[in-house]
Amino acid sequence: ANQLAHYLKAQGVKAQTLVGLCVERSVDMVVGILGILKAGAAYVPLDPAYPQARLAYMLNDSGVNLVLSQSWLTLPQESAVEVLYLDKGDIFVGQAQENPEVVGDLGPDSAVYMIYTSGSTGRPKGVIIEQRNLLNFRQVFEHQLEQLGAQNSNWLWHGSFAFDASIKGILILCSGNTLVVASEREALSPSQLLALTAQHDIQVLNLTPALVPVMLDCLEQGDRGHLHLMIGGEALGKALWDRVAAYGTRYDRQALNLYGPTETTINASYAVIDGEVMPHIGKPVANTQFYVMDNRQQLVPAGVVGELYIGGAGLARGYLNRDELTAEKFVANSYFDPKDSSSCQRLYRSGDLVRWRANGELEFIGRVDHQVKVRGLRIELGEIEQRLVEDAGVREAVVLAREAGNNDNRLVAYLVPREGLTDEAVFTEAVREQLRKTLPDYMVPAAFVVLEALPLNTNGKLDRNALPEPDLDRLTVEYSAPQTETEKALALIWQQLLGIARVGLGDNFFDLGGHSLLAIKLAARCGEAFKVTLPLREIFNQPELAALAAFIDDCDRGLQAPSIQ
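Per full-length UniProt numbering, the very first residue in the sequence shown carries number 1; after that it's consecutive.
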């Protein structure tokens, strides 16, 4: 990392310079982040799993001139940026191994990273986080680890570095502890992740609520309660809250429910999960202020629902190249007191509806807009709707997040075609494929419903409550009934996981609403039902019921494919 920093400085990289980083989760990823930060610059994470069109937009919008990458990855051809390959090693030759000197113009207000989040206009927006923001979060994170009694714990990095919680791994490394980077294969296997935690003395695991049930299943099946849990990314339902609390009681471990938008630097509050109380998001972290206000920006009393405004040391600079949006979301604090050193001049409008409890804890109620969380990832439904109406065959489009059970949301798109359809299935599949060219997989709806017109209320406005629940059985391909015992048993597992009444031989697991977390559960259920080890790779390679059942039969006959090395 020091050698990389020296090289970057020699290329003119300095404070406030944005440097792109497009790498798979690996040692190169860690070296890239550290090298950029040691050079005094700010990194822009570019997940190589994103569609090329989205990466092209991020590169163009951020204005980066330099991207650190790996030689086997492909960047958008239309992006005129210089690319350095970290895996080739030639850029390190002849560079000093000592820490570079501190950059003279580096200060608390200098950018440290910029992360893109979903945007309601169809354009992702870059959130700029500064040095002072990260310094404050480091203190918050250290306090959280101390509360868990895990201040000397090593850390497991198993998520995408394009989301802000990933910076915890770098902070752990900088504190002198070990950072373990899970491979792509290990990250998709709960049992392998837990094996890594045991092998490397990792005491805390950071999870989204959607991943918690399958991890608890694995922990409890092996009677291994060695982990404290940090859970964040979306609201935690009562059933899962109680289950996590029961795990903590059984194994004498603690779990924290973390809350915080990207714009407030990862965590703005947190609560210890306790089965004796209803779910909540706790109290503000250090150097952070919460204001719960009505639509006139007047404070509301305890027990009354209002919008949460957040101020303090974690508040981001704003959005890159989006001055109007920054002014709309980062507003002046009308309650600012210049005589109070803890008072803040700016507030972030979170869009979250909350209410104070009598004991000073905050309860999360919902959203004031159409932003949702799916598998812990923040999504502006308007961005998906914008992409849908860009399709030549779509006249109108609305996207909703429907509750699918197990603290999981499922995106459903409602489409009004421009002309009459001869084949609805062909139309929706074409729309789905078009979306996959511009949006990450987690933003592609699981189901599509075609309507003659969108329902309106008496005021002539869209009536979202009147939109029908998707009939997933009707949306599947032409039905062909399972025949063999394996096919019938596998179909039943799909029905239970996906919440649908009928599955045919030609149905695709992912087209019916499956995703990577459900694939993990599917592999585990198949292991129990068929007494085989089903590699996750095969679910992605053979997502149709008939093909996957045939693979399982081959495994049963001892023809299982070797694991990935």
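All C-beta atoms in this analysis are idealised placements derived from N, C-alpha and C, irrespective of residue type, glycine included.
Mapping the DSSP letters down to three states, classify residue i as helix, strand or coil.
| i | result |
| --- | --- |
| residue 111 | strand |
| residue 555 | helix |
| residue 479 | coil |
| residue 280 | coil |
| residue 417 | strand |
| residue 371 | strand |
| residue 573 | Nothing in the structure corresponds to residue 573, since the chain is present only between 1 and 565. |
| residue 352 | strand |
| residue 161 | coil |
| residue 19 | strand |
| residue 560 | Its pLDDT being 38, under 50, residue 560 is placed unreliably by the model, and the measurement read from it follows with that caveat. Residue 560 falls in the coil class under three-state DSSP. |
| residue 234 | coil |
| residue 410 | strand |
| residue 565 | For residue 565, the predicted model reports a pLDDT of 26, less than 50, meaning its position is unreliable and no value from the coordinates is stated. |
| residue 397 | strand |
| residue 127 | strand |
| residue 545 | helix |
| residue 318 | strand |
| residue 92 | helix |
| residue 503 | coil |
| residue 442 | helix |
| residue 184 | helix |
Where does the unbroken alpha helix (DSSP H) through residue i begin, and where does it stop?
| i | result |
| --- | --- |
| residue 251 | 238-251 |
| residue 215 | 212-221 |
| residue 271 | Segment 269-272 is the beta strand (DSSP E) holding residue 271; no alpha helix (DSSP H) there. |
| residue 323 | 323-329 |
| residue 60 | 52-62 |
| residue 524 | 516-530 |
| residue 171 | 167-174 |
| residue 37 | 27-38 |
| residue 425 | 424-436 |
Confirm, please, whether the CB-CB distance from residue j to residue i is below 8 Å.
| i | j | result |
| --- | --- | --- |
| residue 92 | residue 4 | yes |
| residue 307 | residue 350 | yes |
| residue 300 | residue 293 | yes |
| residue 445 | residue 50 | no |
| residue 515 | residue 375 | yes |
| residue 536 | residue 523 | yes |
| residue 413 | residue 388 | yes |
| residue 486 | residue 425 | no |
| residue 517 | residue 162 | no |
| residue 571 | residue 198 | Only positions 1 to 565 of the chain appear in this structure, which leaves residue 571 out of reach. |
| residue 46 | residue 63 | no |
| residue 334 | residue 297 | yes |
| residue 354 | residue 363 | yes |
| residue 344 | residue 311 | yes |
| residue 153 | residue 204 | yes |
| residue 567 | residue 42 | Here the chain covers residues 1 to 565 and nothing more, so residue 567 does not appear. |
| residue 332 | residue 263 | no |
| residue 1 | residue 40 | no |
| residue 219 | residue 194 | yes |
Looking at the unbroken beta strand (DSSP E) that takes in residue i, where does it start and where does it end?
| i | result |
| --- | --- |
| residue 309 | 306-312 |
| residue 364 | 362-367 |
| residue 379 | 377-380 |
| residue 85 | 82-85 |
| residue 293 | 288-293 |
| residue 198 | Here residue 198 belongs to no beta strand (DSSP E); instead the alpha helix (DSSP H) covers 190-199. |
Counting C-beta neighbours from all protein chains within 10 Å, is the total for residue i 16 or more, i.e. buried, or is it exposed?
| i | result |
| --- | --- |
| residue 526 | buried |
| residue 166 | buried |
| residue 250 | exposed |
| residue 9 | buried |
| residue 336 | exposed |
| residue 265 | buried |
| residue 570 | The requested residue 570 is not part of the displayed model; the chain covers only 1 to 565. |
| residue 422 | exposed |
| residue 479 | exposed |
| residue 25 | buried |
| residue 90 | exposed |
| residue 278 | exposed |
| residue 54 | buried |
| residue 303 | exposed |
| residue 17 | buried |
| residue 201 | exposed |
Kindly give me the distance between the Cβ atoms of residue i and residue j, rounded to whole angstroms, as I take these residues to be in contact under 8 Å.
| i | j | result |
| --- | --- | --- |
| residue 196 | residue 184 | The Cβ separation is near 13 Å, so there is no contact. |
| residue 176 | residue 155 | Not really, about 12 Å apart at Cβ, beyond 8 Å. |
| residue 373 | residue 409 | 7 Å |
| residue 503 | residue 496 | Not really, about 10 Å apart at Cβ, beyond 8 Å. |
| residue 75 | residue 22 | 6 Å |
| residue 215 | residue 190 | 5 Å |
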